[in-house]
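Each remark here refers to the structure printed beneath this line.
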Amino acid sequence: MHQARTTCPYCGVGCGVLACVENDRITGVDGDADHPANFGRLCVKGSALHETLGDHGRLTRPRVDGAEVDWETALDAVAERLQATRRDHGKGAVAAYLSGQLLTEDYYVANKLFKGFLGTPHLDTNSRLCMASAVAAYKRSLGADAVPCNYEDIEEAELVVLVGSNLAWNHPVLYQRLRTAKSRNPLMRVVVIDPRVTDTCEIADLYLGLKPGSDARLFNGLLAWMADKGRLDRVYLEKHTTGLDDALAAAREGDGAVEAIAADCDVDPERLETFFYWFASQLHVVTLYSQGINQSSSGTDKCNAIINCHLAGGKIGLPGAGPFSITGQPNAMGGREVGGLANQLAAHMDYHSPGAIDRVTRFWATEHLTPDVPDGPGHKALELFEAIERGEVKAVWIMATNPAVSLPRADRVRAALEKCPLVIVSECVADTDLLPYADIVLPASGWSEKDGTVTNSERRISRQRGILPPPGEARHDWWIITQVARRLGFGEAFAFEHPGEIFDEHARLSGFENRDGADSARLFDISGLAGLDRAAYDALAPIQWPVTARAPQGTARLFEDGRFATPDGLARLIPVRPREPEQALSEARPLRLNTGRVRDQWHTMTRTGRAPRLMNHRAEPFIELTPEDAQALGIEDQQLARLTGAGDDYLGRVRVSKGQRRGEVFVPMHWTGQFSGRASMGGLLEAHRDPVSGQPESKHGAVSLEPL
Ligand code: SF4
């Protein structure tokens, strides 16, 4: 028996895992006491990782047009059909849709192939559904997609504000760290702002059960209140920011009385003012926000309303202070680092970043190959599938994700895929809701087999190590992409034989013409990790970017000197005008739909669904609503019921809960047609999105409910 060090593949906390390996099997897992994300802790999902492994149900052979084939045939088919689509319909007819489950090395080669050599900008990721609004807000305000703080800041804060985050269920180890820190520091206060009473409220000193969608009004109110009470940090604002007057003018639109704000947010005015007072009185404040903020048609504005309050109070760039977006997926941030979002090019450079297209073109050029980099952004997730629906995109390669159930209007996504001439799917699992739409199916390796890096919510890069061989003929995603690139004639640019070589190129690109991170607009610089040999790459210890010659041990906190990543070094306060959710309630659909995760499941349960003890927590799809609403609708607890929304219906068992607000229902995101027949929550939602970030409005559906 030996222990192998790796990283959990589930949430954005990014816990270190020690896997016990016996006779080519992982027989148990422990938390890695040396990993700075978790210091030995694991949540129930992480501690059951070994129970989710095994060859049963895995996809092990490539398929082309329904027939099992060898890899040569499959790779030839991918290359030939992509090439034919490009030749017959143009570069923009080819697209890719990736996943925060991919490792950074997989993401890097996919981005390089599509944006660098196939010449199409249409490469996006399911991370768009998770944190795109947080990214857009950081960029608008701080000048870069850069989380300023770290997990220790949460422990050092005097006030932690959780907004739209059920940390106890969705980032459990971070919740454990917060709970322990609170028990050690009797002065620490926790505020939870969430329409639902969740398990996270157990440690709350103050709970604000606000009306869904009213977050921007609440934080605008806080900004105006701070100004009115003389609680702005005028010195910090003067030295390090710009835009206060406009942001304040927007915040003051509407009735500024606490009672009026409380009425708009449907919270108790005394509690609201207590929150305002606590926030304004403490310097060491961390505001943690997650999908409850991001998954909105005004998510970017909501994030900026929060960041405005931190800037206005100088609560950023300090120990125990900052606006902290917690990512959902294990590598949502790693994907951003390589350009995995359609509006990004590579290494955190946007298309419009000065000199970026030329710089990336020169970096990717080889002796005989000149990259064909697009000149502008591509389709974001929803736009991409709408372009498929219109017949403009005719070939899509989907990796490690399932848009057939997870995207809003999943019914339309499935119809679009049905008529798309070429759908390529890279997947670990033999049977998913997506595979029936695939012309070519490529078996991919999974956790414990894949080898590479991921980046967690605090910018910490960790190794996920290949411990077991993939089953059957499954192969690593980076290898599959590289093999296709070679068949397309781009072999010289894809001569990678090992993920460490990809990581090296990725690290070098981040520092290419970046003056050792001195160019503040290019904060993402890990050139200090370039040049690792295989042994050093394999032994790479967790480290937070930027990692440069000036910061070889990484960077725990950003903006400590008050200089931001904007051209003039000043952070921007952004004027925010609150907007209602786009999905309007109606007589036919009178209930507000909220969606989210449950504690023991992950995404569409292809992994966690294999562990019986994880299924025990919530064994079937459910619909949560208040006792009063249940009574009004003539529905009893535990009765089966049907939700009707924008597209698909959702069948589930009713759970009557006092933690819901009247007129609102909650459903989990995990169950799919494959598991339950009819419980795809994506199909209930209209395909509305944030106009800046493109993130879908997944928290604000409009539905009706009837008993079965
Ligand atoms: Fe894995 Fe997240 Fe649990 Fe840590 S908190 S063990 S990363 S699921």
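Positions 1 to 708 (full-length UniProt numbering) are the ones given, in order, by the sequence shown. Glycine is no exception: its CB is placed at the ideal position from the N, C-alpha and C atoms.
Leaving out five residues before and five after G92 in sequence, what residues of the same chain have Cβ atoms less than 6 Å from its Cβ? Here residue 92 refers to the residue found at position 92 when the sequence shown is read from its first residue. Same-chain partners within the cutoff: T120.
Taking three-plus beta-carbon pairs below 8 Å as touching, is the region 99-110 in contact with the region 327-336? yes
Between the alpha carbons of V547 and A400, how many angstroms are there, rounded? Walking along the sequence shown from the start, residue 547 turns up at place 547. Walking along the sequence shown from the start, residue 400 turns up at place 400. Roughly 29 Å between the two C-alpha positions.
Element boundaries [alpha helix (DSSP H), containing S406]: The residue you call residue 406 lines up with position 406 of the sequence shown. Per DSSP, S406 belongs to the alpha helix (DSSP H) from 403-406.
Could you check where the beta strand (DSSP E) with F503 kicks off and where it finishes? Translated into positions along the sequence shown, residue 503 becomes position 503. Careful: F503 lies outside any beta strand (DSSP E), inside the alpha helix (DSSP H) at 499-511.
Just list the residues that DSSP pairs residue 779 with in beta bridges. Outside the shown range of the chain, which is 1 to 708, sits residue 779, and nothing can be said about it.
Can you list, in chain order, every residue whose CB sits closer than 5 Å to a heavy atom of the ligand SF4? C8, Y10, C11, V13, C15, L42, C43, K45, G46, P172, V173
Inside the region 374-431 only - alpha helix (DSSP H) runs reaching at least 4 residues: 381-389, 403-406, 410-419
G701, DSSP secondary structure in three states: Walking along the sequence shown from the start, residue 701 turns up at place 701. If DSSP states are grouped into helix, strand and coil, G701 belongs with the strands.
Below 6 Å CB to CB, which residues in the same chain sit around Y207 once its five sequence neighbours on both sides are set aside? One-based indexing of the sequence shown puts residue 207 at position 207. So the qualifying residues of the chain are V192, C201.
R618 versus I326: straight-line alpha-carbon distance, rounded: Counting from 1 along the sequence shown, the entry for residue 618 is found at position 618. Counting from 1 along the sequence shown, the entry for residue 326 is found at position 326. Looking at the two C-alpha atoms, the distance is approximately 24 Å.
Whole-angstrom C-beta distance between W169 and R597, which should lie under 8 Å: As a first step, residue 597 must be located in the sequence shown, where it is residue number 597. As a first step, residue 169 must be located in the sequence shown, where it is residue number 169. Right, their Cβ atoms sit about 6 Å apart.
Extent of the continuous beta strand (DSSP E) to which Q3 belongs: One-based indexing of the sequence shown puts residue 3 at position 3. Counting along the chain, the beta strand (DSSP E) containing Q3 begins and ends at 2-7.
Rounded to the nearest angstrom, how far is the Cβ of E458 from that of Q544, given a contact under 8 Å? The residue labelled residue 458 in the question sits at position 458 within the sequence shown. The residue labelled residue 544 in the question sits at position 544 within the sequence shown. The pair is a contact, with the Cβ atoms about 6 Å apart (cut-off 8 Å).
Decide if the region 174-191 is in contact with the region 147-159; the criterion is three or more beta carbon pairs, one per stretch, under 8 Å apart. yes
For the candidate residues Y10, G314, A551, F622, whose alpha-carbon lies nearest to that of T242? Sequence index remark: in the sequence shown, residue 242 carries index 242 (1-based). It is G314 whose Cα lies nearest to the Cα of T242.
Based on the DSSP output, what are the partners of S127 in its beta bridges? Here residue 127 refers to the residue found at position 127 of the sequence shown. Partner(s): none; S127 has no beta bridge.
Is it right to say D215 is buried, meaning 16 or more other beta carbons lie within 10 angstroms of its own, or is it exposed? Your numbering for residue 215 matches position 215 in the sequence shown. D215 is buried by the Cβ-count criterion.
Assuming A591 and S704 are in contact, meaning their beta carbons sit under 8 Å apart, how far apart are those beta carbons, in whole angstroms? In the sequence shown, the residue the question calls residue 591 occupies position 591. In the sequence shown, the residue the question calls residue 704 occupies position 704. A small correction: the amino acid at residue 591 is Leu; Ala does not occupy that position in the sequence shown. About 6 Å separates the two Cβ atoms, so the contact holds.
M188 burial status per 10 Å Cβ neighbour count (16 or more: buried): Stepping through the sequence shown from its first residue, residue 188 is reached at position 188. Result: buried.
Q464 bridges to which residues according to DSSP? Here residue 464 corresponds to residue number 464 of the sequence shown, with the count starting at 1. According to DSSP, Q464 bridges with G452.
To which residues does DSSP link F666 through a beta bridge? Working through the sequence shown from its first residue, we reach residue 666 at position 666. DSSP, once it has assigned bridges, lists N594, E624 as partnering F666.
For Y277, count the other beta carbons within 10 Å of its own beta carbon; 16 or more makes it buried, fewer makes it exposed. Which is it? Position 277 of the sequence shown holds residue 277. That one is exposed.
Determine the closest residue to H603 out of A551, E664, P668, with distance taken between C-alpha atoms. If you number the sequence shown from 1, residue 603 lands on position 603. Taking only the C-alpha atoms, the option nearest H603 is P668.
Name the residue from R359, F219, D439 whose alpha carbon lies nearest to the alpha carbon of C303. Position 303 of the sequence shown, counted from the start, is the residue given in the question as residue 303. Looking at the Cα atoms, F219 is the closest of the given residues.
Classify A632 as buried or exposed, calling it buried when 16 or more other Cβ atoms lie within 10 Å of its own Cβ. Looking up residue 632 in the sequence shown gives position 632. That one is exposed.
What did DSSP end up calling F324 once you bin it into helix, strand or coil? By one-based count along the sequence shown, residue 324 stands at place 324. Reduced to three states, the DSSP call for F324 is strand.
Would you call the CB atoms of G378 and L123 closer than 8 Å? Translated into positions along the sequence shown, residue 378 becomes position 378. Translated into positions along the sequence shown, residue 123 becomes position 123. Yes, the pair counts as a contact, with Cβ atoms nearer than the cut-off.
Are there 16 or more other CB atoms within 10 angstroms of the CB of T370, so buried, or fewer, so exposed? In the sequence shown, residue 370 corresponds to position 370, counting from 1. The residue is exposed, with fewer than 16 neighbouring Cβ atoms inside 10 Å.
Say whether chain D places a C-beta atom closer than 8 Å to the C-beta of I502. Absent here is chain D; the protein component of the structure consists of one chain.
Secondary structure of L232, DSSP reduced to three states: As a position in the sequence shown, residue 232 is number 232, starting the count at 1. Here L232 sits in coil by DSSP.
Classify L640: buried if its beta carbon has 16 or more other beta carbons within 10 angstroms, exposed otherwise. For the purposes of this step, residue 640 is identified with residue 640 of the sequence shown, where counting begins at 1. Exposed.
If we call anything under 8 Å between Cβ atoms a contact, is E473 one with R61? Here residue 473 is taken as the residue at index 473 of the sequence shown, counted from 1. Here residue 61 is taken as the residue at index 61 of the sequence shown, counted from 1. The answer is yes: Cβ separation under 8 Å.
Identity of the residue in A134, Y151, G554 nearest N37 by Cα: In the sequence shown, the residue the question calls residue 37 occupies position 37. Going by the sequence as given, residue 37 is Ala instead of Asn. Residue Y151 is the option with its Cα nearest to A37.
Which same chain residues end up closer than 6 Å to Y175 when comparing Cβ atoms and leaving out the 5 residues on each side of it in sequence? Translated into the one-based positions of the sequence shown, residue 175 becomes position 175. Cβ within range, chain order: L167, A168.
What is the C-beta distance between T672 and D433, in whole angstroms, given that I count them as a contact (C-beta under 8 Å)? Here residue 672 is taken as the residue at index 672 of the sequence shown, counted from 1. Here residue 433 is taken as the residue at index 433 of the sequence shown, counted from 1. Yes, T672 and D433 are in contact; Cβ-Cβ is about 5 Å, under 8 Å.
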